[in-house]
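Engineer: Residue numbers -19 to 475, in this note's numbering, belong to the letters of the sequence shown in order.
All C-beta atoms, glycine included, are put in the ideal place defined by N, C-alpha and C.
This structure is a prediction, so every number in the text was calculated from the model and none was measured.
One structure is given below, represented as structure tokens, and several questions about it will come after.
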Amino acid sequence: MPQRFFITHSWKDIDFARKLCDDLKANGLDGFLDAHSMRPGDSIPSRIERGLKECDVYIPIFSPDALKSDWCDWEIDMAITMNRTRKGRPRIIPVIAKSCDVPDRLMHILYINFVGRYDEALNDLLTKGLGLPAKPVPVVAVLPRPPEISARTQPLPNWLVPVATVAVVVALACVLLVAIVNGILNSQPTATPTRVAIGAPTTSVPIVTLTNTPTISLKPTETLRPTATFTPQPTNTPRPTATPTPWIGSTKISADDATMMYVPAGEFTMGSNDYDREKPVHTVYLDAFWMDKFEVTNALYKKCVDAKQCQLPNPTKSYTRDSYFGNAQYDNYPVIYVSWEDATKYCTWADKKLPTEAQWEKAARGTDQRKYPWGDSWNGTWLNFCDKNCPSDWKDKDADDGYADTSPVGTYPKGASFYGVMDMAGNVWEWVRDWYSDKYYASSPKSNPENTAPGGFRVLRGGSWLDSAASARAANRDYNPADNRYGSDGFRCVE
-19 MPQRFFITHS WKDIDFARKL CDDLKANGLD GFLDAHSMRP GDSIPSRIER GLKECDVYIP
41 IFSPDALKSD WCDWEIDMAI TMNRTRKGRP RIIPVIAKSC DVPDRLMHIL YINFVGRYDE
101 ALNDLLTKGL GLPAKPVPVV AVLPRPPEIS ARTQPLPNWL VPVATVAVVV ALACVLLVAI
161 VNGILNSQPT ATPTRVAIGA PTTSVPIVTL TNTPTISLKP TETLRPTATF TPQPTNTPRP
221 TATPTPWIGS TKISADDATM MYVPAGEFTM GSNDYDREKP VHTVYLDAFW MDKFEVTNAL
281 YKKCVDAKQC QLPNPTKSYT RDSYFGNAQY DNYPVIYVSW EDATKYCTWA DKKLPTEAQW
341 EKAARGTDQR KYPWGDSWNG TWLNFCDKNC PSDWKDKDAD DGYADTSPVG TYPKGASFYG
401 VMDMAGNVWE WVRDWYSDKY YASSPKSNPE NTAPGGFRVL RGGSWLDSAA SARAANRDYN
461 PADNRYGSDG FRCVE
């Protein structure tokens, strides 16, 4: 199966990206380039994430324009995270299309410079980077060297030849004389033939017959084979595979095929002084956990419905769409009109749980007490909230997030939290595990708190497409009866 690549680029470098993509495919590779691989109606974040998961080699194209692109940054960060959590897959090979510096987070990786040397750089990418066979090199004929004459093969000087001949004759005569004498002294009427094992290596000596003397038969002399020396072979002891330690930005895929982000153990500051129900501000310790990167989508929730473990949303439409749940066009949108019980059943089916209030808030705001998932400054283009398209009286008439209803999950990469969790502000309210109490913070445990004391309401977090900027604050708390279903309520799960 050919290696698969994924190319990240600025749209101002699209000609270079297309040429590189075509050249890679011409050399037997296959892969993802957004201009070729995406269709109208595709969810951009989901399609990009799938392309990155499927690729073997990630090729970010760098130029001054690419360094200014938020989409390029997002794709690069996602690829780095996958590389670190999936045992080096995809392999990252940066490419310089126009003179610029490589970002600091990739400075440790050897890049390939295409500036002014496209053909040579392409060959480097194919052979050194991707391990494809090099182009054939002309064969240069090499004449064989004459054999060297060693001391063992040098001819004897002429004057030694007769001397050597005489010495050989004398030696043979001595051997023959000894044999004759031994034969006379130990002569037998007949010679006993000697058995030789079939296949045994022997050195034959000719039988010498003398007139008027007994026949002498010399025993063949066995030539001993050298004993083979056993050379022990090293035992291949398998090395244990190290389990990678998760860190901020690590991802994994859960049982329901959802991407999850890692939130490490530690303390964070919870609450705010904006509203009484958010007081007091207090320090909370949480064990490490994984949180769904995106809100649970229609497509994921449908799997649970099809497995007869979840009920259909009621109704199955949305505010502006008569056909919403079950319509493939909205598969990547958050499921809505689900109650707290519905959300709990789904998370249980997926071997997960609803997050606690504390888990949700830490995943949203990090450890630096930020006001919104992305920081302290408001930006109405980084989330789906009640903008000028919204039907409510509290709409922000100066903002336009592009939607008058729910939006595809992951639409606003700049709105990601410190841990890489998306849509923690806006889009849909999210059910959490706790019962609601406006006084709970005053007496809550300092470690892994969860309000399990039954009350009349369950907590929701994060604001929605139907709510104002104030609702999008990371510390904001809302609540509803557990059996309520609204077109602005959804959820996500944790492990």
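In chain order, what residues of the same chain lie with their CB nearer than 7 Å to the CB of THR209, ignoring the 5 residues before and after it?
Structural biologist: The residue given as residue 209 occupies position 229 in the sequence shown. The predicted model places THR209 with a pLDDT of 44, which falls under 50 and marks its position as unreliable; any figure quoted below should be read in that light. If we look at THR209 and ignore the five residues flanking it on each side, it has no Cβ neighbours.
Engineer: I'd like to know whether the C-beta atoms of ALA452 and ALA384 end up nearer to each other than 8 Å.
Structural biologist: As a position in the sequence shown, residue 452 is number 472, starting the count at 1. As a position in the sequence shown, residue 384 is number 404, starting the count at 1. No. Outside cutoff.
Engineer: Kindly indicate which three-state DSSP category HIS262 falls into: helix, strand or coil?
Structural biologist: If you number the sequence shown from 1, residue 262 lands on position 282. HIS262 falls in the strand class under three-state DSSP.
Engineer: Just how far apart, CA to CA, sit GLY482 and SER43?
Structural biologist: No answer is possible for residue 482: it lies beyond the span of the chain, which begins at -19 and ends at 475.
Engineer: Considering only their Cβ atoms, is the gap separating PRO429 from SER397 smaller than 8 Å?
Structural biologist: Translated into the one-based positions of the sequence shown, residue 397 becomes position 417. Translated into the one-based positions of the sequence shown, residue 429 becomes position 449. It is not a contact, given that the beta carbons lie outside the stated cut-off.
Engineer: Mind checking who TRP270 pairs with in its DSSP beta bridge?
Structural biologist: By one-based count along the sequence shown, residue 270 stands at place 290. The partner list for TRP270 (beta bridge, DSSP) reads TYR242.
Engineer: Do THR336 and ARG413 have their C-beta atoms within less than 8 Å of each other?
Structural biologist: Locating residue 336 in the sequence shown gives position 356, counting from the first residue. Locating residue 413 in the sequence shown gives position 433, counting from the first residue. Contact: yes.
Engineer: Are ILE72 and ALA59 close, meaning C-beta to C-beta below 8 Å?
Structural biologist: Within the sequence shown, numbered from 1, the residue matching residue 72 stands at position 92. Within the sequence shown, numbered from 1, the residue matching residue 59 stands at position 79. Yes, the Cβ-Cβ distance between ILE72 and ALA59 is below 8 Å.
Engineer: Using a Cβ-Cβ cut-off of 8 Å (strictly less than) and excluding sequence neighbours within five positions of VAL285, which residues of its own chain qualify?
Structural biologist: On the sequence shown, residue 285 is found 305 positions in, with the first residue counted as 1. For VAL285, where only same-chain residues beyond five positions count, the Cβ hits under 8 Å are GLN291, LEU292.
Engineer: Going by CA-CA distance only, name the one from TRP340, TRP409, LEU280 that's closest to TYR326.
Structural biologist: Numbered from its first residue, the sequence shown carries residue 326 at position 346. Ranking TRP340, TRP409, LEU280 by Cα distance to TYR326 puts LEU280 first.
Engineer: Please look up how many angstroms separate the CB atoms of LEU446 and CYS370, rounded, as I've assumed it's under 8 Å.
Structural biologist: In the sequence shown, counting from the first residue as 1, residue 446 sits at position 466. In the sequence shown, counting from the first residue as 1, residue 370 sits at position 390. 7 Å between Cβ atoms; contact.
Engineer: Compute the beta-carbon to beta-carbon distance between PRO244 and GLY251, rounded to the nearest angstrom, for a pair I have assumed lies under 8 Å.
Structural biologist: Indexing the sequence shown from 1 puts residue 244 at position 264. Indexing the sequence shown from 1 puts residue 251 at position 271. Incorrect: roughly 21 Å between the Cβ atoms, too far for contact.
Engineer: From TYR310 to ILE233, what distance separates their C-alpha atoms?
Structural biologist: Numbered from 1 along the sequence shown, position 330 holds the residue referred to as residue 310. Numbered from 1 along the sequence shown, position 253 holds the residue referred to as residue 233. Taking the straight line from one Cα to the other gives about 22 Å.
Engineer: Would you mind giving the Cβ-Cβ distance between ILE316 and GLY442, rounded to the nearest angstrom? I have them listed as a contact below 8 Å.
Structural biologist: For the purposes of this step, residue 316 is taken as the residue at position 336 of the sequence shown. For the purposes of this step, residue 442 is taken as the residue at position 462 of the sequence shown. Going by Cβ atoms, the distance from ILE316 to GLY442 rounds to 13 Å, so no, they are not a contact pair.
Engineer: Kindly list the residues whose CB is nearer than 8 Å to the CB of ALA287, restricted to its own chain and excluding five residues on each side of it in sequence; keep chain order.
Structural biologist: Translated into the one-based positions of the sequence shown, residue 287 becomes position 307. So the list reads TRP329, once near-sequence residues are dropped.
Engineer: So for ASP254, helix, strand or coil by DSSP?
Structural biologist: Indexing the sequence shown from 1 puts residue 254 at position 274. Coil at ASP254, not helix or strand.
Engineer: Just to confirm my understanding: we take ILE77, look at its own chain, exclude 5 residues before and 5 after, and list those with CB closer than 7 Å. What are they?
Structural biologist: By one-based count along the sequence shown, residue 77 stands at place 97. Checking the displayed sequence, the identity of residue 77 turns out to be Ala instead of Ile. Answer for ALA77: ASP(-7), PHE(-4), ILE41, PHE42, SER43, PHE94, listed in chain order.
Engineer: Which residue's Cα is closest to the Cα of HIS(-11): LYS(-1), GLN(-17), PRO(-18)?
Structural biologist: Counted from its first residue, the sequence shown places residue -11 at position 9. Selected option, being the one with the closest Cα: LYS(-1).
Engineer: Taking buried to mean at least 16 other C-beta atoms within 10 Å of its own C-beta, is GLY31 buried or exposed?
Structural biologist: By 1-based counting over the sequence shown, the position of residue 31 is 51. Burial call: buried.
Engineer: Since GLY436 contacts PRO461 with CB under 8 Å, what's their CB separation in whole angstroms?
Structural biologist: Here residue 436 refers to the residue found at position 456 when the sequence shown is read from its first residue. Here residue 461 refers to the residue found at position 481 when the sequence shown is read from its first residue. The pair is a contact, with the Cβ atoms about 7 Å apart (cut-off 8 Å).
Engineer: Closer than 7 Å by C-beta to GLY179: which residues in its own chain qualify, once you throw out the five before and the five after it? Chain order, please.
Structural biologist: Working through the sequence shown from its first residue, we reach residue 179 at position 199. In this prediction, GLY179 has a pLDDT of 35, which is less than 50 and means its spatial position is unreliable; nothing more can be read from the coordinates.
Engineer: Could you have a look at LYS37 and say whether DSSP puts it in helix, strand or coil?
Structural biologist: Within the sequence shown, numbered from 1, the residue matching residue 37 stands at position 57. Looking at the sequence shown, residue 37 is not Lys but Val. Reduced to three states, the DSSP call for VAL37 is strand.
Engineer: Leaving out the 5 sequence neighbours to the left and right, which residues in its chain are closer than 8 Å to THR65 when beta-carbon positions are compared?
Structural biologist: What you label residue 65 is simply residue 85 of the sequence shown in a count that begins at 1. Cβ within range, chain order: PRO224, PRO226, SER230, THR231, LYS232.
Engineer: Nearest to TYR466 by alpha carbon, out of ALA422, ASN294, THR391, VAL75?
Structural biologist: On the sequence shown, position 486 is the one that residue 466 refers to. Considering only alpha carbons, the answer is ASN294.
Engineer: Please determine, among PRO25, ASP99, SER357, ALA343, the residue with the shortest C-alpha to C-alpha distance to GLY400.
Structural biologist: If you number the sequence shown from 1, residue 400 lands on position 420. Per the Cα distances, ALA343.
Engineer: How far does the alpha helix (DSSP H) with TRP409 in it reach, from first residue to last?
Structural biologist: Counting from 1 along the sequence shown, the entry for residue 409 is found at position 429. Here TRP409 belongs to no alpha helix (DSSP H); instead the beta strand (DSSP E) covers 409 to 415.
Engineer: When the Cα of ARG478 is compared with those of LYS419, PRO425, TYR459, which residue comes out closest?
Structural biologist: The chain is shown only over -19 to 475; residue 478 falls outside these bounds and no answer can be derived.
Engineer: Going by CA-CA distance only, name the one from SER319, TYR392, GLU275, ALA454 that's closest to THR347.
Structural biologist: Position 367 of the sequence shown, counted from the start, is the residue given in the question as residue 347. Checked all of SER319, TYR392, GLU275, ALA454; the closest Cα to THR347 is ALA454.
Engineer: To the nearest angstrom, how far is the alpha carbon of ALA235 from that of ARG472?
Structural biologist: As a working mapping, residue 235 is identified with position 255 in the sequence shown. As a working mapping, residue 472 is identified with position 492 in the sequence shown. Answer to the nearest angstrom: the Cα atoms are 14 Å apart.
Engineer: Less than 8 Å between the CB atoms is what I'm expecting for LYS394 and ASP99, so what's the real figure, rounded?
Structural biologist: Translated into the one-based positions of the sequence shown, residue 394 becomes position 414. Translated into the one-based positions of the sequence shown, residue 99 becomes position 119. That belief does not hold up - the Cβ atoms of LYS394 and ASP99 are roughly 38 Å apart, past 8 Å.
Engineer: Using alpha carbons as the reference points, say which of VAL264, ASP104, LEU363 lies closest to SER427.
Structural biologist: Here the question's residue 427 lines up with position 447 in the sequence shown. Out of VAL264, ASP104, LEU363, VAL264 has the C-alpha closest to the C-alpha of SER427.
Engineer: If I measure Cβ to Cβ from SER23 and keep anything under 7 Å in the same chain, skipping five residues before and after, which residues do I get?
Structural biologist: Counting from 1 along the sequence shown, the entry for residue 23 is found at position 43. Excluding positions up to five away in sequence, the list reads ASN312, PRO388.
Engineer: Given a threshold of 16 other Cβ atoms within 10 Å of its Cβ, counted over all protein chains shown, does PRO(-18) qualify as buried or as exposed?
Structural biologist: In the sequence shown, counting from the first residue as 1, residue -18 sits at position 2. The residue is exposed, with fewer than 16 neighbouring Cβ atoms inside 10 Å.
Engineer: Looking at the secondary structure, which residues open and close the beta strand (DSSP E) in which ASP458 lies?
Structural biologist: Taking the first residue of the sequence shown as position 1, residue 458 is located at position 478. Taken as a continuous stretch (DSSP letters only), the beta strand (DSSP E) holding ASP458 covers 458 to 460.
Engineer: Can you tell me which of ASP356, TYR91, MET62, THR61 puts its alpha carbon nearest to the alpha carbon of ALA449?
Structural biologist: Here the question's residue 449 lines up with position 469 in the sequence shown. Comparing Cα positions, the closest option is ASP356.
Engineer: State the start and end residues of the unbroken alpha helix (DSSP H) segment that holds PHE(-4).
Structural biologist: Position 16 of the sequence shown holds residue -4. That run of the alpha helix (DSSP H) goes -6 to 6.
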